[in-house]
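K.L.:
Every position in the sequence shown, counted from 1, becomes a number in the numbering used here once 5 is added.
Each residue gets a CB set at the ideal place from its N, CA and C atoms; glycine is no exception.
What follows is a structure written as structure tokens; I'll ask about it next.
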Amino acid sequence: MSRTILAQPPLDSGLKPIHGTGYSWLQERMLFVRDPLRVVTERRARFGDITFMNTLGRHKVVMPLTASGVEEIAMNREKAFASEPAWSFFIGPFFHRGLMLMDFEEHRYHRRIMQQAFAVGHLERYLAAMEPVVAEGVRRFPAGEGVHLLSEFKALTLDLALRTFLGLAVPAGEARRINRAFEDCLAAGLAIVRHNVPGTKWAKGLAGRKILEEFFFRRLAAKRAVETDDLFSVLCHAMSPEGEVFTDEDVVNHMIFVLMAAHDTSTIALTTMAYYLALHPEWQAKARAQSQAFGRELDYRRMGELAVLDAVMRESMRLNAPVPRLPREALIDTHIGDYFIPKGTFVSASTTVTHFDPTLWSDPEAFDPGRFAAERGEDKAHKFAWMPFGGGMHKCIGLHFGQLEVKAIMHHLLLRYEWSVPEDYKWKLDYTTLPVPKDKLPVRLRKLGLID
Ligand code: HEM
């Protein structure tokens, strides 16, 4: 098998070159999209701590194969890596000026203001607003054979986001239009033709962005006028301790980005939990028993009592992290560990590396929520052993909100239904964008009849 190096380190730097396979970008992509874990495992065996891959265009992507390499990228202590140019490559024209597409001082400025919207008081109110929408949405799930849970969760999380983020009941037709616009923006990120040619994914993405901007700008004045408990209003009125506030454009850009950031991620977390709970009915029963003991009404202060649900959520997000890679670009010649990274290289901190590292996790491919129990504490093996919400300056700002939403939906699902898959069922994930089951997870959903 061939073997190449990324770049020769400068003489006397003491740094080592990074090795890769020499495969074309198409070969690399096919292998990765088919089975990322296998790629990581094989390359770790072949190249050790770090490798690189060819991708479309001029880019080569360096992927550390250890938790400490992942940590170096995420923590970015030498400010060598930037998020904006790397994420922009995929989603820039469609989600520009979102928090994740900013760096350093500007990022800090915006994050300080946005942080206000995720303070405990707001989270309590978001949960209170979410609860009836969740209960009603879950009640409307169709019971029976072949219920595609991915689609059900996707529709519910969008509805929830529109109502609790915007404080608006958006008519079904409008919600579909907005959903379509998001889908088009997301799909465009992976387009081969990256120009505004009619009919292409790229063009549809640009049109989608326009629809979203119009949607938010049209409602902005009303949100500025009155303070309400939804995220849109909160962002309109948010002020950092230093007195900084968002402009109208900032609010619209952040809203579009946050809706996107909150939507597919929560959907994937829920679908993954539902999958493992279907494969492991004993865990489904345990989680249901705890939800029944908790009672129907969720209370922010008591969420810690849903410990089984918490462990199941953590384990599910370990096995299928909704955002499996944190991409960055090297702004200067730099290094990861002892390895040389030339300026302009893309680097990627991957959960496939840390979440399946056999030196951090026992039997890493097995579903075993008990590994998070205090007495085992496998997630404490390394700061980045468990990192579905990223880490460092760009760590998910919505991580508490996201977990509340996921738990609220799963709590109501457990109370109302029992679900199962055939014993030999094994899902196949589509890794072309974020990892979703190709068949949308068809389950047998049976109403329990314990509640109305
Ligand atoms: C299960 C649900 C979620 C997962 C797994 C998730 C995951 C992530 C990850 C991995 C990042 C870091 C990306 C990077 O460093 O390159 C991130 C950033 C972000 N997330 Fe989430 N997220 C979730 C839910 C949410 C929700 C509900 C919101 C908003 C309400 C949100 C808003 C954001 C924002 C604004 C950023 C950018 C932060 C920054 O750059 O400073 N996320 N998320």
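By Cβ distance below 8 Å, which residues in the same chain neighbour GLU320 in space, the five residues on each side in sequence not counted?
P.N.:
For GLU320, where only same-chain residues beyond five positions count, the Cβ hits under 8 Å are TYR281, PHE372, ASP373, PRO374, ARG376, PHE377.
K.L.:
Beta carbon of THR60: closer than 7 Å to some heavy atom of ligand 1?
P.N.:
No, the Cβ of THR60 stays beyond 7 Å of every heavy atom of ligand 1.
K.L.:
So THR350 packs on PRO329, CB below 8 Å; how close in whole Å?
P.N.:
About 20 Å; that fails the 8 Å criterion.
K.L.:
Does the distance from the CB of THR437 to the CB of VAL152 come in under 8 Å?
P.N.:
Contact flag unset, no.
K.L.:
Can you give the beta carbon distance from PHE109 to LYS84, rounded, assuming they're within the 8 Å contact cut?
P.N.:
That pair is a contact at about 7 Å.
K.L.:
Comparing the CB of MET322 with every heavy atom of ligand 1, is any distance shorter than 7 Å?
P.N.:
Under cutoff, so the answer is yes.
K.L.:
Taking its Cβ as the centre, do 16 or more other Cβ atoms sit within 10 Å of GLN13, making it buried, or is it exposed?
P.N.:
Exposed: under 16 other Cβ atoms inside 10 Å.
K.L.:
Which residue's Cα is closest to the Cα of LEU70: ALA193, PHE251, ILE55, LEU42?
P.N.:
For LEU70, the nearest C-alpha among the options comes from ILE55.
K.L.:
In terms of residues, what are the limits of the beta strand (DSSP E) holding ILE341?
P.N.:
Looking at the DSSP string, the run of the beta strand (DSSP E) that includes ILE341 is 339-341.
K.L.:
What does the alpha-carbon distance come out to for the pair ILE346 and PHE52?
P.N.:
Each residue's alpha carbon lies about 16 Å from the other.
K.L.:
To which residues of the same chain is GLU129 closer than 6 Å at the C-beta, ignoring the five residues directly before and after it?
P.N.:
These residues qualify, in order along the chain: TYR305.
K.L.:
For my contact list, LEU465 and VAL143 are in at a C-beta cut-off of 8 Å; report their separation, rounded to the angstrom.
P.N.:
Outside the displayed span of the chain (6 to 457) sits residue 465, for which this structure offers no information.
K.L.:
Can the beta-carbon of HIS360 be found closer than 8 Å to that of ARG323?
P.N.:
The answer is yes: Cβ separation under 8 Å.
K.L.:
Would you check if the distance between the CB atom of ILE341 and the CB atom of GLU77 is smaller than 8 Å?
P.N.:
A contact, by the Cβ cut-off of 8 Å.
K.L.:
Terminal residues of the continuous alpha helix (DSSP H) containing ILE183?
P.N.:
Unbroken alpha helix (DSSP H) run through ILE183: 177-193.
K.L.:
Nearest CA to the CA of LYS412: which residue from ILE197, THR276, ASP444?
P.N.:
It is THR276.
K.L.:
Using a Cβ-based criterion (distance less than 7 Å to any ligand heavy atom), does CYS190 qualify as near ligand 1?
P.N.:
Checking the Cβ of CYS190 against ligand 1 gives no.
K.L.:
Which of the three DSSP states, helix, strand or coil, is assigned to SER367?
P.N.:
It is coil, neither helix nor strand.
K.L.:
Nearest to THR252 by alpha carbon, out of ILE197, LEU165, MET119?
P.N.:
The option with the nearest alpha carbon to THR252 is MET119.
K.L.:
Under 6 Å Cβ to Cβ from HIS387, same chain only, skipping five residues before and after it: list those, please.
P.N.:
Result list for HIS387: ALA72, LEU365, in chain order.
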